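Q: To convert a position in the sequence shown, counted from 1, into my numbering, add 5.
To start, I am sharing the structure in question, which I have written as structure tokens.
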Amino acid sequence: MEEIEIYLEKTREELDNLIDELDDFKDEKVLELSCKLDKIIYNYLIMKKCK
């Protein structure tokens, strides 16, 4: 579980860095990926809390 948390955190940081590097923050693909990743992280944390 800890490895997944570390991976999710690193992935989130990478995505944040990509967003920061973009000239257009509202690029649809970036926002879509960001939302998907947020949902994955949220679902993982809920699952972890329920155990």
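The beta carbon of each residue, even a glycine, is placed where N, CA and C say it ideally should be.
It should be emphasised that the depicted structure is a prediction, and the values quoted were computed from it without experimental measurement.
1) Quick one: is the Cβ of residue 44 within less than 7 Å of any heavy atom of the ligand COA?
2) So, under 8 Å CB-CB, residue 17 and residue 46 are touching, yes? Tell me the CB distance rounded to an integer number of Å.
3) Can you give me the Cβ contacts of residue 10 inside the same chain, cut-off strictly under 6 Å, excluding the 5 residues immediately before and after it?
A: The relevant details are as follows:
1) This structure simply doesn't include the ligand COA, nor any ligand for that matter.
2) To locate residue 17, count along the sequence shown from 1; it is residue 12. To locate residue 46, count along the sequence shown from 1; it is residue 41. A Cβ-Cβ distance of about 7 Å is found for the pair residue 17 and residue 46, placing them in contact under the 8 Å criterion.
3) Here the question's residue 10 lines up with position 5 in the sequence shown. Here the set comprises nothing.
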